[in-house]
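All remarks here apply to the structure that follows.
In our numbering, the protein residues as written are 2 to 903.
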């Protein structure tokens, strides 16, 4: 028994060895097909390898992180509390039972040095300092400032000088290469602060490995230290090492230590950042499913090449069968093609990917990660997984042709005749069932808001369509009888060669379906965002106020700048309210009548019946945050700023202004007005206990138009009745349309000397996602063109005998171009049409399921509209035409003339 099993195992190994040798020989013989398969397998392997290697180099080891943080220093200290602290091993997390502030007043170098051994030296470091500069007519605020003495060896160890020297005084700075470009300055040039109060000379160009963005390094005397300086740390040079006693002494004084060696265990659990993120099961499942979709695309694109290879080798395979080879031997010979080409593609992709990651490392560091990587290294486990997936894709692509080779007619194969594939209804039934099951699974995942389940349903549905595509191709071929010669031949060839045409059509379908489904979701989500967006001001309105909110900038300066730079026509004062001294701080708000407030709480404890009642209650219609009373911005106005702040219709503004001039109030929510009056209450905190005034009734008008921001505008007489004082806040300016970025920057720069802040409502700035939609369409278009080109080329190689026959019976030279054009059209048009239908159907299922879930939620959420991204569909409609024209242009028109074997 044991000898028999050993013999069978040896026979199987020998059979595989022979099959691999045949596959290697076949790869050399069919170099064009081999190059095609290698290109399609190598490209994704190269991309995955590049990503894996770059990510591995970007993940710093503990030693690399410590080296980057400390430079040449022995430790970095952060004084965080006035009493003992406990910290984790590396100072990333700490805890204290005492006041979490450093000692009163500014921490000095002498105080820090007093805690260290004799002979120690410290250098202050502030990793973030506020910095802005004037560049032309604008103020550049997206520049980070750091304060450290780069002339000191401890500070110099944090950075690498490109040129120049370290700042030697408060009037000198060193800048990063990115800051040179952002500030439009050269070494030796001058940089002026945003308010024009001071300037610095650029004396050096320096790069920090942890941040390649725009950074300006200031001399420590320039940073303007505050009393607390919570962000200041100290780089330490010690005469020895950081031992346990020093750790304990520093922690006892409230100092957190980051040293080259870990801190001794404290016996107390300290919450800090995890050294490695925990496993994200949902994210991992999504990644696996997305990777599965990519693998499916590769298999579908490579499969036709293997199918054509099997048909061209049918005589060789028939000879193997005649010589005694069984079905298993034939399957192994074809599967060996997948193993050899998959392994070769994996080796090529890995080599090129690693080389590309190493060569492109500076560009990736600068433009993607914004930080320098660690050492040159690879990720062996990831590369092994990528290689295994590449080999698996080759085997899966050869799987269907292998089963077809094992079932071929030996006599027909010896004679070189092609046998049309048998029509099997079970594949159609299986495909329909899988498509229906995938749609149901995607709908279930959408209802449960589970991205992995949604994606799994889409994958299952696309697999079902893949199984049903061959039958659909056969049905369409029957319609070709009434077509002209070229499209009739194209449809016939697609039907006869379903093993190569159907995977190409399926690849196009899968890519287009994914692009359309994601595009519809993004477009619908943008439409929903636009519908729910609530501006705080009318578009184009500009608010100018001071940071202290107690004084307003000078009217003359604001009016002049607004007229010259924004084309403004109206400038109105904006005033707020101030409570009495005894009630400070306090709040002012209208009282929502109890009979108009939503009686249902926002709680998960409501039953389904109670949620239905809450959704049907008219008092509970509107924004969830407003149903039980909203926060109101309270302003004082006599009608001048009203149209600028609300954007209401002229008739509405006129009625509201009349109420304000009569001593009343205006509110933007009609629910608060009862019989032309509202009740206003003032809540404050007195010296001993809270102070709450009795509600005061005020004549009021409710705006029906304008922006929905909750505002309460009081007339001056109404404010006096409530015991409120008026304080100027700033000015409202009606700009000429929404100002562009240049005008906004110039306006803000002009008012900066006044200490003014500028607020401009620009509308919904979330973007419509059009670049993403176009990118998705472009990716699907590339796959469409590639699949059509591959299938057309393989069909041309397979149909040389038919072309020879056409030449023999007198067909014109242009027929071959027209035939190639029609063959590409069958792949591209049919795949795109199926993909558009499948993508729209998937998106509608997902959005419908989400809306059904939202319809039953409490509080009620706005549903998703179904928005079709016509730009994406337009691109996907044009792409098949491009594929057809390309096939017609790049195909030689001369028909081959040769003797047929069959």
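Glycine included, C-beta positions come from ideal geometry on N, C-alpha and C. Because the structure is a prediction, the values reported are computed rather than measured.
What is the DSSP secondary structure of residue 632, reduced to helix, strand or coil? In the three-state scheme derived from DSSP, where H, G and I count as helix and E and B as strand, residue 632 is classed as coil.
Just to confirm my understanding: we take residue 507, look at its own chain, exclude 5 residues before and 5 after, and list those with CB closer than 6 Å. What are they? Only 301, 467 and 470 meet the Cβ criterion.
Rank 30, 110, 109 and 793 by C-alpha distance to the C-alpha of residue 505 and give the top, closest one. Among 30, 110, 109 and 793, the Cα nearest to that of residue 505 is on 793.
If residue 789 sits next to residue 846, beta carbons under 8 Å apart, how far is it from one beta carbon to the other, in whole angstroms? Rounded, the Cβ-Cβ distance is 28 Å, inconsistent with contact.
Would you check if the distance between the CB atom of residue 239 and the CB atom of residue 121 is smaller than 9 Å? Going by C-beta atoms, residue 239 is nearer than 9 Å to residue 121.
Have a look at the DSSP bridge pairing and note the partners of residue 141. Answer is 134.
Who are the near neighbours of residue 392 in its chain, counting only those whose CB is closer than 7 Å to its CB and skipping five residues on each side? Spatial neighbours of residue 392 in its own chain (CB-CB distance under 7 Å, excluding positions within 5 residues in sequence) are listed in chain order as 340, 343, 344 and 347.
Label residue 863 either buried or exposed according to how many other C-beta atoms from any shown protein chain fall within 10 Å of its C-beta, with 16 as the threshold for buried. Exposed, since its Cβ has fewer than 16 Cβ neighbours within 10 Å.
Going by other Cβ atoms of all chains shown within 10 Å of its Cβ, with 16 needed for buried, is residue 62 buried or exposed? An exposed status is given to residue 62, since fewer than 16 other beta-carbon atoms sit within 10 Å of its beta-carbon.
So is residue 645 buried or exposed if we call it buried at 16+ other beta carbons inside 10 Å? By the neighbour-count definition (other C-beta atoms within 10 Å, threshold 16), residue 645 is a buried residue.
Are the CB atoms of residue 575 and residue 725 within a distance shorter than 9 Å? No, the pair does not count as a contact, with Cβ atoms beyond the cut-off.
Three-state class that DSSP yields for residue 59 in the structure shown: Here residue 59 sits in helix by DSSP.
So the beta strand (DSSP E) residue 236 belongs to, where does it begin and stop? Counting along the chain, the beta strand (DSSP E) containing residue 236 begins and ends at 233-238.
Residue ranges of each alpha helix (DSSP H) within the region 283-368, 4 or longer: Positions of the alpha helix (DSSP H) runs, each at least 4 residues long and wholly inside the region 283-368, are given as 315-323, 328-360 and 362-365 in order along the chain.
Could you tell me which whole beta strand (DSSP E) segments of length 3 or greater appear in the region 631-719? For the region 631-719, the full-length beta strand (DSSP E) segments reaching 3 residues or more read 634-637, 666-668, 678-686, 691-693, 697-703 and 712-715 along the chain.
Note down the Cα distance separating residue 611 from residue 546, rounded to an integer number of angstroms. Those two C-alpha atoms are separated by around 46 Å.
Looking at the structure shown, is residue 253 part of a helix, part of a strand, or coil, going by DSSP? Correct three-state label for residue 253: helix.
Measure the CB-CB distance between residue 213 and residue 373 and report whether it falls below 9 Å. Cβ distance < 9 Å, so residue 213 and residue 373 count as in contact.
Run through DSSP, which three-state label would residue 568 get? When DSSP states are grouped into helix, strand and coil, residue 568 belongs to the coil group.
Confirm, please, whether the CB-CB distance from residue 109 to residue 261 is below 9 Å. Judged by beta-carbon spacing, residue 109 lies beyond the 9 Å limit of residue 261, meaning their Cβ atoms are not closer than that value.
Between which residues of its own chain and residue 299 is the CB-CB distance below 8 Å, once the five residues before and five after are set aside? So the qualifying residues of the chain are 41, 42, 45, 394 and 398.
Would you tell me roughly how many angstroms separate the C-alpha atoms of residue 560 and residue 173, rounded to the nearest one? Rounded to the nearest angstrom, the two C-alpha atoms are 37 Å apart.
Where residue 579 falls: helix, strand or coil (DSSP): Here residue 579 sits in strand by DSSP.
Under the rule that 16 or more other beta-carbon atoms within 10 Å means buried, what is residue 170, buried or exposed? The residue in question, residue 170, is exposed, as its Cβ has fewer than 16 Cβ neighbours within 10 Å.
Measuring straight from C-alpha to C-alpha, what distance separates residue 662 and residue 850? In this structure, the straight-line span from the alpha carbon of residue 662 to that of residue 850 is close to 52 Å.
My assumption, with CB atoms under 8 Å, is that residue 131 sits in contact with residue 146. Please give the rounded CB distance. Contact flag correct, Cβ pair sits at about 6 Å.
Please list, in chain order, all residues of the same chain as residue 744 whose beta carbon is under 7 Å from its beta carbon, the five residues on each side excluded. Excluding sequence neighbours, residue 744 sits near 566 and 567.
Determine the DSSP secondary structure at residue 574, reduced to helix, strand or coil. Here residue 574 sits in strand by DSSP.
In or out: residue 712 buried (at least 16 other Cβ within 10 Å) or exposed? Burial call: buried.
Can you tell me which of 457, 704 and 680 puts its alpha carbon nearest to the alpha carbon of residue 697? Of the listed residues, the one whose Cα sits closest to residue 697 is 680.
Selected residue, minimal CA-CA separation from residue 255, among 83, 832, 384 and 492: Here the closest residue by C-alpha is 83.
Counterpart residues of residue 497 in DSSP-defined beta bridges: Beta-bridge partners of residue 497 (DSSP): none assigned.
Which whole runs of the alpha helix (DSSP H) in the region 862-897 are 4 residues long or more, in chain order? List check, alpha helix (DSSP H) in window: 871-890.
In the DSSP assignment, the alpha helix (DSSP H) including residue 468 goes from what residue to what residue? Looking at the DSSP string, the run of the alpha helix (DSSP H) that includes residue 468 is 452-479.
Enumerate in chain order the residues of its own chain whose CB-to-CB distance from residue 868 is below 8 Å, with the five nearest sequence positions on each side excluded. Hits under 8 Å: 521, 524, 525, 527 and 528.
Using DSSP with H/G/I as helix, E/B as strand and the rest coil, what is residue 276? Its pLDDT being 44, under 50, residue 276 is placed unreliably in this model, and the value from its coordinates should be taken loosely. It is coil, neither helix nor strand.
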